[in-house]
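Trainee: In the numbering used here, the protein residues as written are 1 to 390.
Idealized CB from N, CA, C, for every residue including glycine.
Handing you a structure now.
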Ligand SMILES: Cc1ncc(COP(=O)(O)O)c(C=O)c1O
């Protein structure tokens, strides 16, 4: 009855944990939510207020299908500041209704059935579904804890075949919170020169780092030689706490933006005008974003210290994003059983590592996107849960 294509989309395991947690909550059970990767902060006031003013001034219409030129210009300046590269606002940007629809646009013009897309394992679960939806095959690149979850370019090279159409990079990574090193980027930039595939760089957590510096990216000017093969996907959901506004963007060579334009015009027309206005205000909110970052850092330190004191668990210190990816292998249970029993017995919701790919088995992702009191309670519940199962 339904199109065959839909069979390629697998459910999000984290949603199963969330749905069970919500059902328990509905039955009066209090749950500590550490499963979903969504900022708990409200969108900064200045963005909301600026947006109200714009609404009052009638910015409620369709915009250019590539997005308001004012926003593209503001983003171009922002990237010039953060990446010291100028991308042309008129031909190299496309504003989309979130990073997720940006993937739809990019893959719909890049992928043919049978193409291969190399993705990190563990990595953001949607990537493999995006690839399958367009008939392409996801190829898993194992990312190992012994490499501090950086990617091993030697292993990556072995996965490249004549069918490789793209490699997706995500730094800092969901779920590991680790940043791809400059050394790895140097090597990848060399590989791109020798091959004929695209680098898709998902930079949605790029500013969400704890060392005071934006995560390195192939969009920097030192890597200019691979910019004709580089697609940057970015968005406002995480760093600016704007998940519900649905706003993202693509930076790509003009020919790729040109090819995607009819897709955007037909399927979306344009990104929501009011969210585009909000994004212009967001780019000026440096103080607000710094405050949120300080809070995440404090939570990160607390969670990781706590996890590392527990018997049977260890966790590398994440350098970015808002996830602690804890190794539970010593406990000898699968990540799904661990998360389900943790939820049922200790009322803490966390995300099984297996949902991020086969190599994520043996890990559990705790999101520190809830207040410190909740986090404290969650960690204490986890501690008593482990005492009971050990
Ligand atoms: C790595 C990564 N990319 C993209 C997204 C989706 O972002 P958006 O809200 O812009 O669609 C997420 C959301 O969790 C993510 O973790």
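1. According to DSSP, which residues form a beta bridge with residue 116?
2. Which complete beta strand (DSSP E) runs does the region 221-261 hold, if anything under 3 residues is left out?
3. Near ligand 1, which residues have their beta-carbon closer than 6 angstroms to a heavy atom?
4. What separation, rounded to the nearest whole angstrom, lies between the Cα atoms of residue 200 and residue 67?
5. Report yes or no: do the region 162-173 and the region 111-125 share at least 3 C-beta pairs separated by less than 8 angstroms?
6. Leaving out the 5 sequence neighbours to the left and right, which residues in its chain are closer than 6 angstroms to residue 240 when beta-carbon positions are compared?
7. Are three or more beta carbon pairs between the region 272-281 and the region 59-73 nearer than 8 angstroms?
8. For residue 230, which residues in the same chain have their Cβ closer than 7 angstroms to its Cβ, ignoring the five residues on either side in sequence?
9. Using a Cβ-Cβ distance under 8 angstroms, would residue 14 count as near chain B?
10. Over the uninterrupted beta strand (DSSP E) stretch that includes residue 184, give me the two end residues.
11. Distance, Cα to Cα, residue 363 vs residue 129?
12. Where in the region 285-328 do unbroken runs of the alpha helix (DSSP H), each at least 4 residues long, occur, reported from the N-terminal end onward?
13. So is residue 286 buried or exposed if we call it buried at 16+ other beta carbons inside 10 Å?
14. Comparing alpha-carbon positions, which option in 76, 166, 341 lies nearest residue 108?
15. Roughly how many angstroms lie between the CA atoms of residue 336 and residue 53, to the nearest whole one?
16. So, do the region 344-354 and the region 307-320 have three or more beta carbon pairs nearer to each other than 8 angstroms?
17. Within 10 Å of its beta-carbon, does residue 141 have 16 or more other beta-carbons around it, so buried, or fewer, so exposed?
18. Exposed or buried, residue 378, counting other C-beta atoms within 10 Å across all chains shown (16 or more means buried)?
19. What residue range does the alpha helix (DSSP H) around residue 341 cover?
Mentor: If we stick to the structure as given:
1. As a working note, residue 116 is residue 116 in the chain shown. Partner(s): 137, 164.
2. 230-235, 248-251
3. 37, 98, 99, 100, 124, 170, 174, 202, 204, 235, 237, 243, 248
4. In the chain shown, residue 200 corresponds to position 200, counting from 1. In the chain shown, residue 67 corresponds to position 67, counting from 1. Roughly 21 angstroms separates the two Cα atoms.
5. Contact annotation: the region 162-173 touches the region 111-125, with at least three C-beta pairs closer than 8 angstroms.
6. Within the chain shown, residue 240 is the residue found at index 240, counting from 1. Taken in chain order, the residues that qualify are 282.
7. yes
8. To locate residue 230, count along the chain shown from 1; it is residue 230. These residues qualify, in order along the chain: 199, 201, 218, 219.
9. Although the question refers to chain B, the structure presented lacks it and comprises just one protein chain.
10. For the purposes of this step, residue 184 is taken as the residue at position 184 of the chain shown. Boundaries for residue 184: no beta strand (DSSP E) harbours it, while the alpha helix (DSSP H) harbouring it runs 182-194, taken from the DSSP string.
11. One-based indexing of the chain shown puts residue 363 at position 363. One-based indexing of the chain shown puts residue 129 at position 129. Distance between the alpha carbons of residue 363 and residue 129: 21 angstroms.
12. The region 285-328 contains these whole alpha helix (DSSP H) runs: 286-309.
13. As a working mapping, residue 286 is identified with position 286 in the chain shown. Burial call: exposed.
14. Sequence index remark: in the chain shown, residue 108 carries index 108 (1-based). With distances taken between CA atoms, residue 108 lies nearest to 166 out of 76, 166, 341.
15. Residue mapping note: residue 336 aligns to position 336 of the chain shown, counting from 1. Residue mapping note: residue 53 aligns to position 53 of the chain shown, counting from 1. Straight-line spacing of the CA atoms in residue 336 and residue 53 works out to 47 angstroms.
16. The region 344-354 is not in contact with the region 307-320.
17. Locating residue 141 in the chain shown gives position 141, where the first residue counts as 1. The residue in question, residue 141, is buried, as its Cβ has 16 or more Cβ neighbours within 10 Å.
18. Here residue 378 is taken as the residue at index 378 of the chain shown, counted from 1. Residue burial is scored here from C-beta neighbours: residue 378 has at least 16 other C-beta atoms within 10 angstroms and is therefore classed as buried.
19. Looking up residue 341 in the chain shown gives position 341. Note, residue 341: alpha helix (DSSP H), 335-341.
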